[in-house]
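In case it helps, the UniProt record's numbering puts the sequence shown at residues 1 to 237.
All C-beta atoms, glycine included, are put in the ideal place defined by N, C-alpha and C.
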Amino acid sequence: MRAVLTAQGLQKSFGAVRAATDISLTFDPDTVVSLIGANGAGKTTFLNMVTGYLRPDSGQILFGERDIVGLSPRQITKLGISRSFQIPQLFNSLSVRENLLLAESIAATDNPQAATDEALTRFELAPYAAQKAGLLPEGIRKLLDVSMALSSRSKLLLLDEPTSGVSADEKFAIMDVVMGAARIAGVTVIFVEHDMDIVARFAGRVVAFYDGGIIADGSPDTVLRAENVRRYVIGEE
Ligand code: ATP
């Protein structure tokens, strides 16, 4: 199977902090991957390098067969890599529909109106269409944020803690909707997550980061039981 994304030998330092030591990872189109790791382990740095917000000091990132190092975030989005952030990036004074319309227009979707209607349905946001984003409950804001990231051009969707800041019940509901929408859209999902119940339920593969490197990579069953992951990621003595 051809890889959707290949990172080879990525390194990134901030002064004395080595946020990526030598990251090499290959992602297949059909596998949902969760990136786990304690705060500061390097997960967001990895997403930032893939999406053009940070340039690696060295290494290669291939999207399909195309090297994307040095491209801007906007160019990378246009190629088909979408991303959501830890904190939803919404236009609070605009309605849900207007937010979606704006995202589809920025992504240069062929028919932004139709794409907006489809997103409202897929993400179960239709009941909120006319409400201002700033007044929505956090769980709905999260859904809106992901739905805005997932334009019709997306081939790869990167989610940075899609369930942070919402209740345990809501986490599963949000992920059910997001994963369902991604499946229908045929998009590969990579998500950063701190809740191991969510990881175990939704990921087909788990990559554990520690101190800028990778300490485990494999099935959720194997990785979540690994002794070093339990100690350094899950925080058990
Ligand atoms: P979290 O779960 O808290 O989001 P993370 O695994 O995503 O953590 P990163 O945000 O990638 O971790 O941070 C990795 C290391 O790099 C940390 O030590 C962080 O302080 C440092 N770092 C990240 N971005 C910058 C930056 N722009 N300038 C300086 N240091 C940075």
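Could you check if residue i belongs to the surroundings of the ligand ATP, using beta carbon to heavy atom distance under 6 Å?
i: residue 121; result: no
i: residue 189; result: no
i: residue 16; result: no
i: residue 44; result: yes
i: residue 180; result: no
i: residue 228; result: no
i: residue 99; result: no
i: residue 208; result: no
i: residue 52; result: no
Can you give the Cα-Cα distance for residue i and residue j, rounded to whole angstroms?
i: residue 185; j: residue 147; result: 11 Å
i: residue 174; j: residue 18; result: 33 Å
i: residue 132; j: residue 144; result: 11 Å
i: residue 102; j: residue 183; result: 23 Å
i: residue 64; j: residue 159; result: 19 Å
i: residue 41; j: residue 21; result: 11 Å
i: residue 163; j: residue 193; result: 8 Å
i: residue 90; j: residue 165; result: 16 Å
i: residue 135; j: residue 181; result: 24 Å
i: residue 112; j: residue 77; result: 16 Å
i: residue 208; j: residue 24; result: 13 Å
i: residue 49; j: residue 85; result: 14 Å
i: residue 70; j: residue 197; result: 36 Å
Which residue's Cα is closest to the Cα of residue i: the options?
i: residue 122; options: 26, 176 and 227; result: 176
i: residue 37; options: 104, 45 and 110; result: 45
i: residue 47; options: 32, 234 and 190; result: 190
i: residue 205; options: 30, 105, 13 and 14; result: 30
i: residue 26; options: 10, 77 and 99; result: 10
i: residue 170; options: 141, 152, 181 and 223; result: 141
Since I believe residue j is in contact with residue i (beta carbons under 8 Å), could you give me their beta-carbon distance rounded to a whole number of angstroms?
i: residue 35; j: residue 43; result: 5 Å
i: residue 150; j: residue 157; result: 6 Å
i: residue 152; j: residue 188; result: Incorrect: roughly 15 Å between the Cβ atoms, too far for contact.
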